[in-house]
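K.L.:
Residue numbers (the numbering used here), protein chains in the order written: chain A, 420 to 642; chain B, 24 to 224.
Quick one: this structure, given as C-alpha cells, is what I'll be asking you about.
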Amino acid sequence: MVSGLRRIGLIAGRELRADARHPDGAVAAMTFMAALVLLESLIVGPQVARDTLVAPALYWIALLFAAIVVTTRSFDRELEDDALDGVLAMPGGADALYGGKLVSLAATLGLVAVVGGVVEMALLDLAVALPGHLALAVVIGTAALPAVVVLDVALTVRLRARAVLVPILALPVLLPQLVAATNAVAAALAGDAVASLAWSGLLVAIALVYATLGLTIAGTAIE
Amino acid sequence: MDDRAVLRSVDLDLVPGITVLRGPNGAGKTTALRALAGLVPLARGTREVPFDVLYIGHRPQLLHGLTPRESLRFFLEFRGPTSRAWATPVKTTAREMREDRIRVACDRWGLAGESDRPIERLSAGQRRRAALARLDLETCALTLLDEPFADLDESGSALLWSWLREARALGVAVLVASHGHADLDAVAVRAYALHEGRVAA
C-alpha cells in the first residue's frame, strides 16, 4: 500500500517535472507580477508606493494574482488529454492531487515571489532594515497562498466561469492572510523585529488552518 | 449533466473475462464507465466495484510535459502493488524491476523509440499506445476501456487484440465500451447494448 505522503510526493514530482519542461505558467506569473507591481507603483505614484505599508500590500496583491495565474495554468494542463481523470480514477488520487499541487505550486510561487520582490525593490529603491525577517515573512506568506487558491481552482476546474469565480472565492478568504503578510513585511522594512515575527507567527497559524482544512475537504470536494 | 439524466436504467453485472458495452454516439457509454471509475457521482443507484480499478478513457490521460516512460512510472508508483500478478510475478517495489517492466511494456506497445519524448510531441496513435501500455503494468481486478481502438493503426489494434485475448484467457474482468468493432463479440463473455441511457442484455 502506497502512503498518502508518498502519493503527494509523486504528484508534486510529476508537476515540477512538467513545469521544468514547460515553464510557461511560471513565466506568465513572473511577467504578470512584474507588470502589476510596475502598474500599481505608477498609479499610486512612487512616493506613495515606497511607503513601508503600501509597498508590501502592492507586492502581496500582485503575488496573489500571480498565484491564481500559475495555479490555473497547472490545472489547464491537467485537462489536456484528460490527465486529471487519470489521477482521480486511482485510489487516493483526489486526496493526493491537492497535497501534491500545494507542494509544487508553493515551490513555483517561491520563484515568482523572488523575481517579483527583486523587481519591486529595484523599482521603488526600497530600504530593508531586517532582511532576515523579510525573507522569513516572504517564505511563509508565499507557502501559505496555494492552500486556498489550489482548492478554489480545483473546485471550479471544469466550469466556464472559472476565471471570474476563483478571485471571488479566494480574495475574501485570503484577506486575513494578506493583512498578516503585509504587516509582517512592513515591520521588517521598518525595522520592527518583534512585530515582524508576531505577524509571521500569525501567518503560520492561518496557513496551517487553511492547509489542514484544505487537506481534509479537498478530496471529497474534488470528487 | 446539464440537469439531464444521461443514464436511466443501467444494470451491469461484470464477470471475469471481456464484457462489451455497445451503443451509438451519445448513448451514455463514456458516462457509464466514468461512473464505474468513480469520476461521476450517481444521483441514484449503487456502484459496487473492487478497490483497484484501472480506467483508460477515451483520451490518453497523460500529462503534457512528461514522457511515456515518466508517465508510466508515475502510474505504477502511485498505484503500488496491484491486486493481481499477471504474466510475470514481479515485485513492483524494486526500482530495477519497475524500470524493466516499463521498458518491456514500452517495447511491446511499439514505443521503444518514443518513450523518452514528451507526450505532446507524439501523435494521437502513439499517445493511445502509451496509455494502453498501462494495461501491462497496472493489473487490477477490473479494467475499464473506453473506445480503446480509437487512433490505433493496424499494428496497434493487433497489440490490443492480443492483450484482450490474454485477458480473457486469464479471467481478468474487463469492460470495453465501443460503438463499433463487431469482432469484440468473438472475445466477449457478455455484451450489453446501451441506448439513450438504458441497457438491454
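A virtual CB, placed ideally from N, CA and C, is assigned to each residue, including glycine.
Check the Cβ-Cβ distances between Ala60(B) and every residue of chain A, and say whether any is below 9 Å.
P.N.:
Cβ-Cβ to chain A under 9 Å: yes for Ala60(B).
K.L.:
Which residue spans inside the region 519 to 582 of chain A form an unbroken alpha helix (DSSP H) run of at least 4?
P.N.:
With a minimum length of 4 residues, the continuous alpha helix (DSSP H) runs that stay inside the region 519 to 582 of chain A are 550 to 563 and 565 to 574.
K.L.:
Just list the alpha helix (DSSP H) runs in the region 122 to 156 of chain B, keeping only unbroken ones of 4 residues or longer that don't cross its boundaries, in chain order.
P.N.:
You should have 147 to 155.
K.L.:
Using a Cβ-Cβ cut-off of 8 Å (strictly less than) and excluding sequence neighbours within five positions of Leu85(B), which residues of its own chain qualify?
P.N.:
Closer than 8 Å at Cβ, skipping near neighbours: Pro91, Ser94, Ile142, Arg150, Ala153 and Ala154.
K.L.:
In chain A, which residues lie less than 7 Å from Tyr78(B) when you measure between Cβ atoms?
P.N.:
Those are Ala508, listed as they occur along chain A.
K.L.:
Of all Cβ atoms in chain A, is any one closer than 9 Å to the Cβ of Ile125(B)?
P.N.:
No, no contact with chain A.
K.L.:
Quick one: Cα of Ala546(A) to Cα of Leu553(A), how far?
P.N.:
Going from the Cα of Ala546(A) to the Cα of Leu553(A) covers about 11 Å.
K.L.:
Going straight from the alpha carbon of Asp495(A) to that of Asp514(A), what length do you get?
P.N.:
The straight-line gap from Cα to Cα measures roughly 19 Å.
K.L.:
Strictly below 8 Å CB to CB, what residues from chain B border Val421(A)?
P.N.:
Those are Glu100, Phe101, Arg102 and Gly103, listed as they occur along chain B.
K.L.:
Is the region 210 to 219 of chain B touching the region 158 to 176 of chain B, taking contact as three or more C-beta pairs under 8 Å?
P.N.:
With a cut-off of 8 Å, the region 158 to 176 of chain B and the region 210 to 219 of chain B do not count as touching, because too few Cβ pairs lie within range.
K.L.:
Would you say Glu539(A) reaches chain B, if we count a Cβ-Cβ gap shorter than 9 Å as a contact?
P.N.:
No - not a single Cβ of chain B is within 9 Å of the one on Glu539(A).
K.L.:
Within 9 Å of any Cβ in chain A, is that where the Cβ of Gly88(B) sits?
P.N.:
Yes, Gly88(B) lies at the interface with chain A (some Cβ there is under 9 Å from its Cβ).
K.L.:
Pick helix, strand or coil for Asp377(A), following the three-state DSSP scheme.
P.N.:
Only positions 420 to 642 of chain A appear in the structure, and residue 377(A) is not among them; the question remains open.
K.L.:
When you compare only the Cα positions, how much space is there between Thr111(B) and Leu193(B)?
P.N.:
Low confidence applies here, because Thr111(B) scores a pLDDT of 48, under 50, leaving its location unreliable; read the following figure in that light. Whole-angstrom Cα-Cα distance: 13 Å.
K.L.:
Using a Cβ-Cβ cutoff of 9 Å, what residues of the region 430 to 457 of chain A are near chain B? List them in chain order.
P.N.:
From the region 430 to 457 of chain A, only Ile430, Gly432, Arg433, Glu434, Arg436, Ala437, Asp438, Ala439, Arg440 and His441 have a Cβ closer than 9 Å to chain B.
K.L.:
Looking only at its own chain, which residues have a Cβ that is under 6 Å from the Cβ of Gly80(B), when we skip the five neighbours before and after it?
P.N.:
Answer for Gly80(B): Asp169, listed in chain order.
K.L.:
State yes or no: is the C-beta of His218(B) within less than 9 Å of the C-beta of Pro47(B)?
P.N.:
Their beta carbons are under 9 Å apart, which means His218(B) touches Pro47(B) by this criterion.
K.L.:
Counting contacts by CB-CB distance shorter than 9 Å, is Ile142(B) in contact with chain A?
P.N.:
With 9 Å as the cut-off, Ile142(B) counts as an interface residue toward chain A.
K.L.:
Just how far apart, CA to CA, sit Thr562(A) and Val197(B)?
P.N.:
First, the amino acid is wrong: residue 562(A) is Ala here, not Thr. Approximately 43 Å, taken between the alpha carbons.
K.L.:
Using CA coordinates, which residue listed in Lys520(A), Val489(A) and Val488(A) is at the minimum distance from Leu503(A)?
P.N.:
Closest option to Leu503(A), Cα to Cα, is Lys520(A).
K.L.:
Please tell me whether Val38(B) and Gly68(B) are closer than 9 Å, where the distance is taken between their beta carbons.
P.N.:
No, they are not a contact pair.
K.L.:
Checking 9 Å against the spacing of the C-beta atoms, do Ala637(A) and Gly518(A) come in under that value?
P.N.:
Against a cut-off of 9 Å, the Cβ pair of Gly518(A) and Ala637(A) comes out as a contact.
K.L.:
Between the Cα of Leu627(A) and those of Ala566(A), Ala600(A) and Asp611(A), spot the shortest distance and give me the residue it belongs to.
P.N.:
Ranking Ala566(A), Ala600(A) and Asp611(A) by Cα distance to Leu627(A) puts Ala566(A) first.
K.L.:
Give me the chain A residues within the contact set of Gln149(B), using Cβ-Cβ distance strictly less than 7 Å, ordered along the chain.
P.N.:
Within chain A, no residue comes near Gln149(B); the closest Cβ sits about 12 Å away, beyond 7 Å.
K.L.:
Along the alpha helix (DSSP H) that carries Thr90(B), what are the first and last residues, could you check?
P.N.:
Here Thr90(B) belongs to no alpha helix (DSSP H), and DSSP marks it neither H nor E.
K.L.:
Locate the beta strand (DSSP E) running through Arg213(B), then write down its first and last residues.
P.N.:
Note, Arg213(B): beta strand (DSSP E), Ala211 to His218.
K.L.:
With a cut-off of 8 Å on the beta carbons, I'd call Ser493(A) and Leu524(A) a contact; round off their distance for me.
P.N.:
Sure, about 6 Å apart at Cβ, within 8 Å.
K.L.:
If distances are taken between C-alpha atoms only, which option among Thr631(A), Phe451(A) and Thr490(A) comes closest to Val538(A)?
P.N.:
Comparing Cα-Cα distances from Val538(A) to each of Thr631(A), Phe451(A) and Thr490(A), the minimum goes to Phe451(A).
K.L.:
With C-beta atoms as the reference, is Ser615(A) less than 9 Å away from Leu564(A)?
P.N.:
Not a contact, by the Cβ cut-off of 9 Å.
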